[in-house]
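Engineer: One structure follows; several queries about it will come next.
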Amino acid sequence: MFFDGNYLLFVFIPALLLSLGAQLFVQSAYSKWGKTRNSVGMTGVQVAERIMSRTNVRGVGLEGTPGRLTDHYDPRSHTVRMSQDIATTPSVAAMAVVAHELGHAQQHQENSVLISMRNFLVPAVQFSPTLGYTLIFMGLLLNLTGLMYIGILLFGLMVVFMILTLPVEFDASRRGLKLLEQSGLLVAESDRSGARQVLTAAGLTYVAAAITAVLQLLYYLSLANRRD
């Protein structure tokens with residue numbers, strides 16, 4: 269299917285451009301604001317501690333994680349894991365990233381409907397993409413349209429998961445900015461505008477991934493329809 273002109277034109281090339289554009293925006297924003305000192309002079313760890321001391325976000329563990337831009341919130345252990353740069357640098361980017369992850373922690377504490385819906389699909393999406401690809405390929409190979417549709421249905425679970433991820437991530441960013449405000453960490457306008465730019469750039473990567481997944485789903489459906 270990768271040699272199909274339709275796939276190249278309507279899926280591969282748009283997905284590549286979206287992904288590259290989002291990554292360039294992220295790298296540009298992080299490069300700028302990762303070198304810009306925040307007004308309070310606090311590292312990522314200190315920002316997290318300040319937020320937890322002044323807001324309703326409580327009891328979140330803080331740990332390190334290897335890599336760059338690998339920061340994430342683990343709902344299983346109620347822990348925010350920070351990369352070295354974020355944990356130890358008093359930058360605007362570090363402040364924004366930590367606040368975003370604590371926004372996820374707040375969603376978890378408050379049993380957000382959006383994150384509950386997404387978490388409900390987690391067990392299914394752990395296997396559905398691989399199985400879906402396999403069934404779609406086997407359906408094409410054996411000319412079994414029914415098998416293709418089953419594979420498409422399984423692949424569709426991942427697409428739904430990725431679409432649900434968008435409001436979850438945007439809400440975490442909204443919460444993160446609010447947590448920074450409540451904690452008195454947005455002292456200068458550069459803190460506010462820089463944090464917003466970093467979070468917007470990060471959000472666009474999820475938008476690009478979701479659009480790519482939808483384009484793939486539509487392509488697989490068109491393949492199945494042509495086989496009928």
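Quick note: the sequence shown, position 58, residue 326 per our numbering, numbers continuous.
Using N, Cα and C, we set each Cβ at its ideal position, and we do this for glycine too.
Computed from a predicted structure; not experimentally measured.
1) With distance defined between alpha-carbon atoms, name the residue in N387, P397, M310, L408 nearest to L491.
2) Quick one: is N493 buried, meaning 16 or more other Cβ sit within 10 Å of its Cβ, or exposed?
3) Let me know if Q374 comes out buried or exposed under the rule of 16 or more other beta-carbons within 10 Å of its beta-carbon.
4) May I have the straight-line CA-CA distance separating L337 from P358, to the nearest angstrom?
5) What whole-angstrom Cβ distance do L434 and Y474 have, given they're in contact under 8 Å?
6) Quick check: the segment 281-294 against the segment 319-326, are there 3 or more CB pairs under 8 Å?
7) Report the CB separation of V308 from S458 in whole angstroms; it is logged as a contact under 8 Å.
8) Ignore the nearest five residues each way along the sequence and tell me which others in L403's own chain have a CB closer than 6 Å to its CB.
9) Whole angstroms are fine: how far does the CA of V381 sit from the CA of E437?
10) Which one or two residues does DSSP pair with M350 in a beta bridge?
11) Ends of the beta strand (DSSP E) at D499?
12) Spatial neighbours of V365 within its chain, please: C-beta separation below 6 Å, excluding the five flanking residues on both sides.
13) Quick check for students: name the residue ranges of the alpha helix (DSSP H) that lie wholly in the segment 419-463, counting only runs of 4 or more.
14) Excluding five sequence neighbours on each side, which residues of the same chain lie with their C-beta closer than 8 Å to the C-beta of V466?
15) Which stretch, first to last residue, makes up the alpha helix (DSSP H) that contains L389?
16) The alpha helix (DSSP H) spanning G370 covers which residue range?
17) DSSP on R305, reduced to helix/strand/coil?
18) Kindly indicate the opening and closing residues of the alpha helix (DSSP H) around L276.
19) At what residues does the alpha helix (DSSP H) containing S396 begin and finish?
20) For L425, collect the residues of the same chain with a Cβ closer than 7 Å to its Cβ; drop the 5 residues on either side in sequence, then sort them by chain order.
Structural biologist: Judging by the given coordinates:
1) It is L408 whose Cα lies nearest to the Cα of L491.
2) Classification for N493: exposed.
3) Buried, by the Cβ-count rule.
4) Each residue's alpha carbon lies about 15 Å from the other.
5) The Cβ separation is near 6 Å, so the contact holds.
6) Between the segment 281-294 and the segment 319-326 there are fewer than three inter-stretch CB-CB distances shorter than 8 Å, so the stretches are not counted as touching.
7) Not a contact, Cβ separation roughly 12 Å.
8) L415, I418, G419, listed in sequence order.
9) Roughly 13 Å separates the two Cα atoms.
10) M350 is bridged to G332.
11) Outside the shown range of the chain (269 to 496) lies residue 499, about which nothing can therefore be said.
12) Only D339, I354 meet the Cβ criterion.
13) Runs of the alpha helix (DSSP H) inside the segment 419-463: none found.
14) A297, Y298, W301, V360, A361, A364, V365, listed in sequence order.
15) That run of the alpha helix (DSSP H) goes 381-393.
16) According to the sequence displayed, residue 370 carries Leu and not Gly. Boundaries of the alpha helix (DSSP H) harbouring L370: 360-377, taken from the DSSP string.
17) Looking at R305 - three-state DSSP - the assignment turns out to be strand.
18) Run containing L276: none; DSSP gives neither H nor E here.
19) Where S396 is concerned, the enclosing alpha helix (DSSP H) stretches over 396-410.
20) Cβ neighbours of L425 within its own chain (closer than 7 Å, five residues either side excluded): L389, A392, V393, S396.
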